[in-house]
Each structure stands twice: as structure tokens, then as C-alpha cells.
Amino acid sequence: MSAAETAHAGTAAWDWVTGVAQWGVDNWSRPGEPDRGIRPRLVQHMRLAYVSIGIGLALALPLGLACARWTRLYPPVLTGVNVLYAVPSIALFFLMLPYTGFSEWTAIVPLSLYTLVILLPNVVDGLRQVPDHVRQAAVAMGFGPLRRLVAVEMPVAVPVIIAGLRVASVATISMVSVASLVGLGGLGQLILTDGFRRQFDAPIVVGILLTVALALVTDAVLVLAQRRLTPWARRDRSRRARAAAPVGER
Amino acid sequence: MDILIDLYRWFADPAQWSGDSGIPARLAEHVHYSALALVLSSAVAVPLGLLTGHTGVGGFATTSLANFARALPTIGVLFLVVLFAGIGLVPVVCALVALAVPPILVNTHEGVRGVEPRLRDAARGMGMRGRQVLLRLELPVATPLILIGVRTAAVQVVATATIAAYVGVGGLGRYIVDGQARQDLTMMLGGSVLVVALAVVTTLLFAGLRGLLVAPGLRAETASAR
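Read top to bottom, the protein sequences are chains V and S. Taking this note's numbering, I'd label the letters of the first sequence as residues 1 to 250. Taking this note's numbering, I'd label the letters of the second sequence as residues 251 to 476.
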């Protein structure tokens, strides 16, 4: 490539980048169409993802407790959750349509079920790794089963549960976009209707970048939350982080 | 219950089992896209993970990048590549590779990092050099975790390859997308059942691979660790 060609290609690339950025700025909000700009879609994306993760956690905690207590329950429940995870998200969204129509539940119900595949094993592993001497100390101090669970076992399990939440939130934020195929999907809607259907790359690029940014910010918030919730873990954080890393990958 | 009978009829119809849009043809397309994406991803992610795990160089950058890639919306990647490369196999495989690389890469890296220092010392004490330590100690010890990573990726790829149908390519997703377009619930359910069955078979396949690839001495240990 000659110097002139390189310079030309450089200019073209720069024009493309500024074009995408300009589109993003111009379409941040559209006064004429209040629910079609970038901002309302980002807000919807956050709502769909966070509500799904919240419901997923609300399901995983009691289910995980039950599985940690009655160990025979765990393998069949885990198999069920894994099989559910293998159902393509498009199919679940489509199958929800007759029941929930175009309400946001069409996206939220499948998304929260998908988080279980990551959250449930982490809740169970987190509770199982409470050392026996810690549990016995709590019993010796006169803690009943409930108080022992809330005051001792749950806090000890928090790092592993948050490790699961981090993986689940990134996966959910990325998967919300698929719900655009049923008319939901937050930033996915930007990618599909403004980008793909109009053969226009800027909305797709903006949609991808904002999705990734949202996932990274959420992840950072969860890391901070973990530090606040488990101040005692900071001393041996590096060891814990290593122990937690492969847990999310199963 | 009616839906189960409809589903049974759908599967029992002989027309379903022949021709270009029959189940065997669609299944073959689906397996083709998924296998191609998995082979490409493994070819990239396993050597890279072995390298970063063995040397420790760029480990943080690699795992961060993998986490970053995990957040990529699959349909965004798919549609963007369609705009640049046109409809066909390329966008589908690109989107699936983006999905499959992170779990394989992270698990390979962590697998090699997780090898006990004692073992590494022993290998050096036996006179092994860097490359021998990697290939004869670290790779075998990391194999169970690498296989879990590839299995995670494989299940996701098989489930996600259905979106190929949305950009006009084949695979089992055709039943789901066409079923939705025709308001044919049975067809959609049939397609979903096939995808789940393929995912289950994939998981079983990896259980078999584990038996073949993991050294006998490591099997009991990792089984209890799981």
C-alpha cells in the first residue's frame, strides 16, 4: 500500500468513526419519538436486565438453600436448569408471546430462568464451603438455624454468590438484545430496527458499544458491592479471587 | 396434552425426515455451523490460553478481554457482519466464534495457572524444559478444565446457532423462526426440542471425550473437585 493510499484509508476510517459518534449524539433522544431514541432504549435494557437478574437471584437463593440442605435434590434440579439453558432464547421468547404478549415479562421470564444456570451452582457451592468449625462455633454460641444462616453462613457465601452474579449479569445484559426479535430488547432494538432493517451500521456499533459498556459498569458495581459486603475478605482477596475465578465457568 | 400429540405427529410425519428442509438436512446444517465455530474458537483460544497461562504474560489483559467479549450482544455482531460481508455462513460463524472464545480462553488460562507449583517444580527437577513442562505437565493437568470450557461454549453455540435462521441461513433455527412467522406452535416446539436434544447429546459427547483425553490419574481428583 502506498503512503497516499494509507493516508486515504486512515481518513476513511476516521470519517467512519466520527460518523458513528455523530449519529450517537444526534439520536441520544428524539423529542418527536420519546421511546425510540438511544436513551429510552438504554433505560429499557437496564430495566430488563436488572429485573431479570433480581428475580433470578430471588429464585436461586431459596432453591440453593434447599439444594444445600437436601443434597439429593441438587442433581435433578441442576440437570433441569441446564436443560432449560439449552433451549434457544429466541424460542423461549416466542413461546412466551401467547401468554405475556408484548409486555416486558416476555423477556424477563426467560432471562431470569437462564440466570439460574449460573446462580444456583454458586449459591450451593457458596453455602457448602462454609467451614464446619465456623458452623459449629455458631451453634456453640447458641445461634438457631435461621440466625446461623442469616448471620454466619450467608455472609461467608457472599463472595462466591457475587462471583456468580457477575457472570450472570454480563451474560444477561448481552442476551437482552435477542429479545428485540419479539419487539423488546432495549439496545437490541436499536441494533435491529435502526441498524439492520435499514442496512445502517452506526446504530449497530452504538448498540454493541453501549451494551458492553453497561456490562462493564455493572460488573464494576458488583465488585465494589462485594468489597463493601465482605470487608474481612480484603486481606486475603487475591487468594479468594483465584478460588472464585473458575467457579463462574462451568 | 393436545400439543404433545401434535408434536408427536410432527415428528412422526415421514415428509419431515427427507429433503432439503427435512430434519436430517437441518440438523446437519446446525451441526456444521456449530462444529465449525467451535473448531475455529478452540484453535484460537486454546493455544492463546496455554501461552498466557504458561508464561503469565498478558494474562490479565487476556482474561479482561475475554470478559469484555462475553458482553458482546450476539445479534449485534451477527447483523454488523451481515452488513459488511452479506448473508451467508461468514456472519453466523463470526457471531458464534465471538460467543465461544471467552469461556475456552478463560478456562485454558485458569487451568494452566492452577497447576500446583509443586508439580511444576517436580517437572523441572526431572529435567523438563519450558516447552516440555507445558506439553507434558500443564496441558494434561489443565485438560479437564479446558474441556469444561469447550463444553460450556458448545452448549451456548448449539443454542445460539438458531439465530442463523434469522439472517436467512439454515439450521434448526428455521423451524423456530418459520414457525413463529406462520404462527405454527408445533413447528416451533419441534425445533426447540431438536436443539435441546442436540445440546444434551453434545454434553454427553464431552463426558465421553473426558474419559478419552483426561489422564486416568487425574479423573478421580477432578471428579471430586466438581
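Note that CB positions come from ideal geometry on N, CA and C, so glycine has one too. This structure is a prediction, so every number in the text was calculated from the model and none was measured.
Give a yes or no on whether the minimum CB-CB distance between residue i and chain S is below 8 Å.
{"i": "Q22/V", "result": "no"}
{"i": "G207/V", "result": "yes"}
{"i": "P132/V", "result": "Contrary to the premise, residue 132/V reads as Asp rather than Pro in this sequence. No, D132/V does not count as interfacial toward chain S."}
{"i": "L119/V", "result": "no"}
{"i": "P75/V", "result": "no"}
{"i": "G10/V", "result": "no"}
{"i": "L216/V", "result": "yes"}
{"i": "T211/V", "result": "yes"}
{"i": "L181/V", "result": "yes"}
{"i": "F196/V", "result": "yes"}
{"i": "Q129/V", "result": "no"}
{"i": "G142/V", "result": "no"}
{"i": "L95/V", "result": "yes"}
{"i": "G188/V", "result": "yes"}
{"i": "V178/V", "result": "yes"}
{"i": "L192/V", "result": "yes"}
{"i": "D201/V", "result": "yes"}
{"i": "A91/V", "result": "yes"}
{"i": "S174/V", "result": "yes"}
For residue i and residue j, I'd like the C-alpha separation in whole angstroms.
{"i": "Q266/S", "j": "W260/S", "result": "7 Å"}
{"i": "L119/V", "j": "L57/V", "result": "7 Å"}
{"i": "L92/V", "j": "P390/S", "result": "39 Å"}
{"i": "A68/V", "j": "Q136/V", "result": "17 Å"}
{"i": "V362/S", "j": "S103/V", "result": "46 Å"}
{"i": "R386/S", "j": "T402/S", "result": "25 Å"}
{"i": "G461/S", "j": "V450/S", "result": "17 Å"}
{"i": "L216/V", "j": "R166/V", "result": "10 Å"}
{"i": "G429/S", "j": "M437/S", "result": "5 Å"}
{"i": "A465/S", "j": "L397/S", "result": "13 Å"}
{"i": "L42/V", "j": "V182/V", "result": "17 Å"}
{"i": "H359/S", "j": "G299/S", "result": "4 Å"}
{"i": "V294/S", "j": "D371/S", "result": "29 Å"}
{"i": "G420/S", "j": "Q22/V", "result": "36 Å"}
{"i": "V156/V", "j": "R30/V", "result": "48 Å"}
{"i": "P251/V", "j": "Q189/V", "result": "Chain V is shown from 1 up to 250; residue 251/V falls before or after that span and cannot be answered."}
{"i": "D256/S", "j": "A151/V", "result": "52 Å"}
{"i": "P121/V", "j": "V20/V", "result": "41 Å"}
{"i": "L59/V", "j": "I38/V", "result": "32 Å"}
{"i": "A202/V", "j": "V351/S", "result": "25 Å"}
{"i": "L264/V", "j": "A319/S", "result": "What is shown of chain V runs 1 to 250, which leaves residue 264/V out entirely."}
{"i": "F329/S", "j": "I191/V", "result": "8 Å"}
{"i": "I161/V", "j": "V206/V", "result": "32 Å"}
{"i": "L274/V", "j": "V87/V", "result": "Residue 274/V falls outside the range modelled here, since chain V spans only 1 to 250, and no answer is possible."}
Rounded to whole angstroms, how far is the Cβ of residue i from the Cβ of residue j, which I believe are closer than 8 Å?
{"i": "H304/S", "j": "E388/S", "result": "6 Å"}
{"i": "I273/S", "j": "L439/S", "result": "That pair is no contact at about 14 Å."}
{"i": "I413/S", "j": "I325/S", "result": "6 Å"}
{"i": "V407/S", "j": "A316/S", "result": "In fact, because the Cβ distance is near 16 Å, the residues do not count as touching under 8 Å."}
{"i": "Y283/S", "j": "V331/S", "result": "Rounded, the Cβ-Cβ distance is 14 Å, inconsistent with contact."}
{"i": "L322/S", "j": "I208/V", "result": "6 Å"}
{"i": "V400/S", "j": "I354/S", "result": "6 Å"}
{"i": "T115/V", "j": "I53/V", "result": "6 Å"}
{"i": "L95/V", "j": "V176/V", "result": "The Cβ separation is near 17 Å, so there is no contact."}
{"i": "A431/S", "j": "R424/S", "result": "Actually they do not touch by this definition, with Cβ atoms about 10 Å apart."}
Using a Cβ cut-off of 8 Å (strictly closer), state whether residue i contacts chain V.
{"i": "V391/S", "result": "no"}
{"i": "V446/S", "result": "yes"}
{"i": "L330/S", "result": "yes"}
{"i": "A449/S", "result": "yes"}
{"i": "Q266/S", "result": "no"}
{"i": "L463/S", "result": "no"}
{"i": "G441/S", "result": "yes"}
{"i": "M490/S", "result": "A query on residue 490/S cannot be resolved here, the shown segment of chain S reaching from 251 to 476 and no further."}
{"i": "L480/S", "result": "Residue 480/S falls outside the range modelled here, since chain S spans only 251 to 476, and no answer is possible."}
{"i": "I337/S", "result": "no"}
{"i": "I255/S", "result": "no"}
{"i": "Q382/S", "result": "no"}
{"i": "I426/S", "result": "yes"}
Query raised in the report: the region 147 to 170 of chain V: which residues have C-beta closer than 7 Å to a C-beta of chain S, in chain order?
Result: V170
Query - Residues, ordered as in the chain, of the region 398 to 422 of chain S that lie near chain V by beta-carbon distance below 8 Å - result: I398, G399, T402, V405, V408, A409, T410, T412, I413, Y416
Query - Within 7 Å of chain S by C-beta, residues of the region 24 to 54 of chain V in sequence order - result: none
Query - Contact list for the region 311 to 327 of chain S against chain V, Cβ threshold 9 Å - result: T313, N317, F318, A319, R320, A321, L322, P323, T324, I325, G326, V327
**Report entry** Short-range partners of chain S found in the region 222 to 234 of chain V, where Cβ spacing is below 8 Å
**Finding:** none
Requested in this report: Give, in chain order, every residue of the region 61 to 89 of chain V whose Cβ lies closer than 8 Å to some Cβ of chain S.
Outcome: N82, V83, Y85, A86, V87, P88, S89
Query - Contact list for the region 97 to 117 of chain V against chain S, Cβ threshold 7 Å - result: none
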